[in-house]
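In my numbering, the protein residues as written are 1 to 349. Here's the structure, in structure tokens; my notes come after.
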Amino acid sequence: MPASKADILAAFERQSEYCRTRGASLTAALIDAAAVDIKANGPVAGLVKNFGEDPAKGALALRIAGAVHYLANKGRAGSLQPAYQSLRAPGEAEFAVALVALAEAHGTVFQSFIARPPQTNEINRLAALIPAMSEVSSRFDLPLDLYELGTSGGLLLAPDQCSIDYGSFAWGDGVIALKSDWRGEAPDLVKRLDIRHRLGCDRQPLDFSDPEQLDIAHSYIWPEDPRRRQTFDAAISATRDLGAQIDCDDALEWLAARTVPKSGTVSVVFTSVFAVYLDDGETTRLHSLMDDIGARATAAAPIAFVQFEPEAAMDFVTFNVDVTTWPGGERRRIATAHAHGRWVEPVSN
Ligand SMILES: C[S@@+](CC[C@H](N)C(=O)[O-])C[C@H]1O[C@@H](n2cnc3c(N)ncnc32)[C@H](O)[C@@H]1O
Numbered sequence: 001m002p003a004s005k006a007d008i009l010a011a012f013e014r015q016s017e018y019c020r021t022r023g024a025s026l027t028a029a030l031i032d033a034a035a036v037d038i039k040a041n042g043p044v045a046g047l048v049k050n051f052g053e054d055p056a057k058g059a060l061a062l063r064i065a066g067a068v069h070y071l072a073n074k075g076r077a078g079s080l081q082p083a084y085q086s087l088r089a090p091g092e093a094e095f096a097v098a099l100v101a102l103a104e105a106h107g108t109v110f111q112s113f114i115a116r117p118p119q120t121n122e123i124n125r126l127a128a129l130i131p132a133m134s135e136v137s138s139r140f141d142l143p144l145d146l147y148e149l150g151t152s153g154g155l156l157l158a159p160d161q162c163s164i165d166y167g168s169f170a171w172g173d174g175v176i177a178l179k180s181d182w183r184g185e186a187p188d189l190v191k192r193l194d195i196r197h198r199l200g201c202d203r204q205p206l207d208f209s210d211p212e213q214l215d216i217a218h219s220y221i222w223p224e225d226p227r228r229r230q231t232f233d234a235a236i237s238a239t240r241d242l243g244a245q246i247d248c249d250d251a252l253e254w255l256a257a258r259t260v261p262k263s264g265t266v267s268v269v270f271t272s273v274f275a276v277y278l279d280d281g282e283t284t285r286l287h288s289l290m291d292d293i294g295a296r297a298t299a300a301a302p303i304a305f306v307q308f309e310p311e312a313a314m315d316f317v318t319f320n321v322d323v324t325t326w327p328g329g330e331r332r333r334i335a336t337a338h339a340h341g342r343w344v345e346p347v348s349n
């Protein structure tokens, strides 16, 4: 059943507020302009009227923002081009008129963006995941095999290629420079992560060597955040020849088919903003798969399950970093963090 107009408008209002409070005022204004047209039953309303998913969870507003940014990156945003160059939004009514003209001129681009969930691969999330991987590494003192479910383009399979400025301390000497704000006492992290194999799975993996896929990925990085795009591009170059294996499959089927645990390595299964997209049945299956894999773990072949996922309330403000290790199945919250790892707050247990 298509989403109701009221639900769409509520989702747009929430997304616009989210963008505005995070410095993305042009993207917020664009979403407001789209809402104006939807209220008036204009062409944008026509484009979203058959949207069959939850407009909030399916990030419908960001799909429209992605379409406009995609066109702007190609210099095809018509009268909105100057706004995307200056990052200054026109007035709401003027913005709505320009957006309608763009949607009418490039209906196919809009339709293809509306049909596809926004797909990101946010390397800075490693600022939140690395403390968990460090804990796993020091606990078992073995090299790590990484298995990422929902890996997108596989950038998060390269924690050892990063260096992170956490404000009060720094970690790593890799070429991918990340930034975060550590909100607590400096932790005792391992100096280096020894990674033996990198495997990831996604049902729609992104291939950044394909220019069109790269353009689409760029369009979901808010224009207000050029640093994020620079870091993203640096991560793509640094990971190009790392030899990560990325398979196209359903992640739960893929996980069930892995031969883990393996002797002499910690098999680290991890998720980053993936589990939130599973339905209740899939969530139960994921945990029961991990319990089965964990039950086979030994001291010489341990298992870790690391998750960076939003709080259950889905406020998309607080994200949690949780680690479960086997043998034993002990689960621990390591930290809460910003959605893109811009800050990390350790949780004392
Ligand atoms: C928000 S992205 C996160 C990507 C990456 N983990 C990161 O944090 O940058 C979620 C990814 O999960 C993938 N995904 C969602 N459900 C999936 C499933 N059942 N099997 C495989 N991949 C899935 C999507 O295609 C998408 O690439």
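Glycine residues also receive a C-beta, built at the ideal position from the N, C-alpha and C atoms.
Of the heavy atoms belonging to ligand 1, at least one sits nearer than 6 Å to the Cβ of THR120. In the three-state scheme derived from DSSP, where H, G and I count as helix and E and B as strand, GLN204 is classed as coil.
In the three-state DSSP reduction, LEU142 falls in the coil class, being neither helix nor strand. Around the beta-carbon of ASP37, 16 or more other beta-carbon atoms lie within 10 Å, marking it buried.
With respect to the C-alpha of GLU282, the residue from GLY294, ALA256, LEU26 having the closest C-alpha is ALA256. The segment 249 to 265 makes no contact with the segment 210 to 224: fewer than 3 CB pairs, one atom from each, lie closer than 8 Å.
Between THR151 and PRO205, the beta carbon gap of about 7 Å places them in contact (Cβ cut-off 8 Å).
In the three-state scheme derived from DSSP, where H, G and I count as helix and E and B as strand, ASN320 is classed as strand. Here the alpha carbon of PRO90 sits roughly 18 Å from the alpha carbon of PHE12. For GLN245, the enclosing beta strand (DSSP E) stretches over residues 245 to 248. Remark: the C-beta of SER152 is in contact range of ligand 1, defined as less than 6 Å to any heavy atom. Between ASP188 and the set ARG63, GLY200, ALA170, ALA235, the nearest pair of CA atoms involves ALA170. In this chain, the alpha helix (DSSP H) harbouring PHE232 covers 226 to 239. Considering only HIS287, LYS39, ARG196, PHE51, the residue with the shortest C-alpha distance to ARG116 is PHE51.
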